[in-house]
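Q: Residue numbers (my numbering): 196 to 695. By construction, the Cβ of each residue, glycine as well, lies at the ideal position given by its N, Cα and C atoms.
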């Protein structure tokens, strides 16, 4: 066998399977004169082995051979994974109807009878190869159009996240075009091209983290909204692409599809063939143009969805915040307390609550006015919020000049430490209040309750206990902390301790 490793469509490989050596020599000479590459097998068994090893573009098969004849060999080739579409020309000295029917039943595309005329043989081989080429093109186009429809209907348009749209598209496009690399670029604030999604064939290097200038991807810019698909093909082995960036990364064939948003160039979908030359077919470019329109719609859909998500998150945030102090509002406090009560009940962990009240705040408002009162509330709320340091802690405005801090998985001693920090830092603000007692400045009274949730208790009982502790702090001279001593149900609202 004399087989070149560099097989291509211009010089198809023809497999001759014939036990007659002189006939093989004649067939080889005729085919090689026509520019075909030729390999031979001396019997049906060897013919099947060579077919599996080298995947020829056509097979010339003698009908009458010992052991495995041409009819059986033809059937076995047709059963192989790559044998279903390969044209087979049966060579026979039999021209009776039964032999012809048997040849076609075995899977032959055509037959030729001995003695063989060279011009007839060449014509038959050319016709078989051309017919197979057209059928293969049609089969690939049909399959790729099916994949394209699937990509548009089942993949791209079902994605609501922009990241998913881009990742899905590059994977499907690379498989659709049998390419080595597909990559999305979008344009940044200063016109730079930013790689945002990529799909690679195994062994092909990534371009995701490489800096790319607009000139590296065919001189596109954000104002080039009227540009259409750009395709570059490198059919010859020694031909270089004109772009240095593409040369550097050994891109042999390049397809660039602009993605538009509101008549502006949003980005580019680029496809690379690196390992082999490739000529872009019209249906491939048309399919990519169609895809660009659909991807642009999917991107817009994802952007709208993300904007709606952002707006919903902002509305949720605003619905849970007190407008003046920017800590959680009373509604969110109630919801959060219920959730944390349930969690503490399941895990049997302590839940603490601090209620804080600004001392003599009505007098402060009467003296300095409501605007000064609002500023005072905002400064105190900031201190309380900063004291609730853990993500699970919640500072909220409970009502008027009263604030609350929910402390999950915190015992009474831990809550007392946080209360001391709040009281100390509020006093450090030194907001003057000459009508306040015992100091002529803004101070806080604080009440603490702590409990491990029990079936006989409810969140309301925890609030009531903290409120009674706060009342005790007020009646005992203000600017102090009162805490319940125990977390047992029967003692929750009875035992208090006073801390200055």
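1. Could you say if the region 551 to 564 and the region 631 to 638 meet the contact criterion of at least three C-beta pairs nearer than 8 Å?
2. Please return the same chain residues whose Cβ sits closer than 8 Å to the Cβ of residue 280, not counting the five positions on each side in sequence.
3. For residue 298, which of 321, 269 and 277 has the nearest alpha-carbon?
4. Within the region 500 to 572, note down every full beta strand (DSSP E) run reaching 3 residues or more, in order along the chain.
5. Leaving out five residues before and five after residue 361 in sequence, what residues of the same chain have Cβ atoms less than 7 Å from its Cβ?
6. From residue 515 to residue 441, what distance separates their C-alpha atoms?
7. Touching or not, the region 251 to 268 and the region 209 to 219, by the rule of three or more beta carbon pairs under 8 Å?
8. Report buried or exposed for residue 291, applying the criterion of at least 16 other Cβ atoms within 10 angstroms of its Cβ.
9. Looking at the strands, I want to know which residues DSSP matches up with residue 382.
10. Whole beta strand (DSSP E) runs in the region 207 to 264 with 3 or more residues, listed along the chain?
11. Taking the alpha-carbon positions, what's the residue 701 to residue 294 distance?
12. Which residues in the same chain as residue 668 place their Cβ atom closer than 7 Å to its Cβ, once the five residues preceding and following it in sequence are excluded?
13. By a C-beta neighbour count over all protein chains shown, 10 Å radius and 16 as the cutoff for buried, is residue 443 buried or exposed?
14. With 16 other CB atoms within 10 Å as the buried threshold, where does residue 385 fall?
15. For the alpha helix (DSSP H) that contains residue 616, what are its first and last residues?
16. Between the alpha carbons of residue 451 and residue 463, how many angstroms are there, rounded?
17. Hey, is the region 397 to 404 in contact with the region 527 to 543, meaning 3+ C-beta pairs nearer than 8 Å?
18. Over what stretch of residues does the beta strand (DSSP E) that includes residue 285 continue unbroken?
19. For residue 679, count neighbouring C-beta atoms within 10 Å of its own C-beta (all shown protein chains included) and say buried if the count is 16 or more, exposed if not.
20. Roughly how many angstroms separate the alpha carbons of residue 471 and residue 587, rounded to a whole number?
21. Assuming residue 606 contacts residue 545 under a Cβ cut-off of 8 Å, what Cβ separation, rounded to an integer in Å, is found between them?
22. Count the other CB atoms, across all protein chains shown, that sit within 10 Å of the CB of residue 244; report buried if there are 16 or more and exposed otherwise.
23. Could you tell me the alpha carbon to alpha carbon distance between residue 405 and residue 388, rounded to whole angstroms?
24. Suppose the cutoff is 6 Å on Cβ atoms and the five residues either side in sequence are ignored; what does the same chain contact list for residue 560 look like?
25. Taking only three categories from DSSP, how would you classify residue 361?
26. Counting Cβ pairs closer than 8 Å, one from the region 604 to 624 and one from the region 537 to 551, do we hit at least three?
27. Using a Cβ-Cβ cut-off of 8 Å (strictly less than) and excluding sequence neighbours within five positions of residue 490, which residues of its own chain qualify?
28. Can the beta-carbon of residue 571 be found closer than 8 Å to that of residue 637?
29. Just the Cα atoms here: how many angstroms apart are residue 480 and residue 497?
30. Taking buried to mean at least 16 other C-beta atoms within 10 Å of its own C-beta, is residue 321 buried or exposed?
31. With DSSP collapsed to three states, give me the class of residue 305.
32. Thinking just about the alpha-carbon of each residue, which of 271, 275 and 325 is nearest to the one in residue 300?
33. Excluding the 5 residues preceding and the 5 following residue 238 in the sequence, name in chain order all residues of the same chain whose CB lies nearer than 8 Å to its CB.
34. Classify residue 488 as helix, strand or coil using the three-state DSSP reduction.
35. With H, G and I counted as helix, E and B as strand and the rest as coil, what does DSSP make of residue 314?
36. Let me know if residue 265 comes out buried or exposed under the rule of 16 or more other beta-carbons within 10 Å of its beta-carbon.
A: If we stick to the structure as given:
1. yes
2. Closer than 8 Å at Cβ, skipping near neighbours: 327, 330, 331 and 334.
3. 269
4. Listed in chain order, the complete beta strand (DSSP E) runs (minimum 3 residues) inside the region 500 to 572 are 546 to 553.
5. The answer, listed in chain order, is 379, 391 and 392.
6. 53 Å
7. yes
8. In the assembly as shown, residue 291 is an exposed residue. Its beta-carbon has fewer than 16 other beta-carbons within 10 Å.
9. 388
10. 208 to 212, 232 to 236 and 253 to 257
11. Outside the displayed span of the chain (196 to 695) sits residue 701, for which this structure offers no information.
12. 640, 641, 642, 675, 676 and 677
13. exposed
14. Burial call: exposed.
15. 607 to 623
16. 7 Å
17. no
18. 283 to 287
19. Residue environment for residue 679: buried (at least 16 other C-beta atoms within 10 angstroms of its C-beta).
20. Between the alpha carbons of residue 471 and residue 587 lies a distance of about 57 Å.
21. Sure, about 5 Å apart at Cβ, within 8 Å.
22. exposed
23. 10 Å
24. 568
25. helix
26. yes
27. For residue 490, where only same-chain residues beyond five positions count, the Cβ hits under 8 Å are 351, 360, 364, 454 and 464.
28. yes
29. 25 Å
30. exposed
31. strand
32. Residue nearest to residue 300 within the set 271, 275 and 325 is 271 (criterion: CA-CA distance).
33. 212, 214, 260, 261, 262 and 263
34. Residue 488 falls in the helix class under three-state DSSP.
35. helix
36. buried
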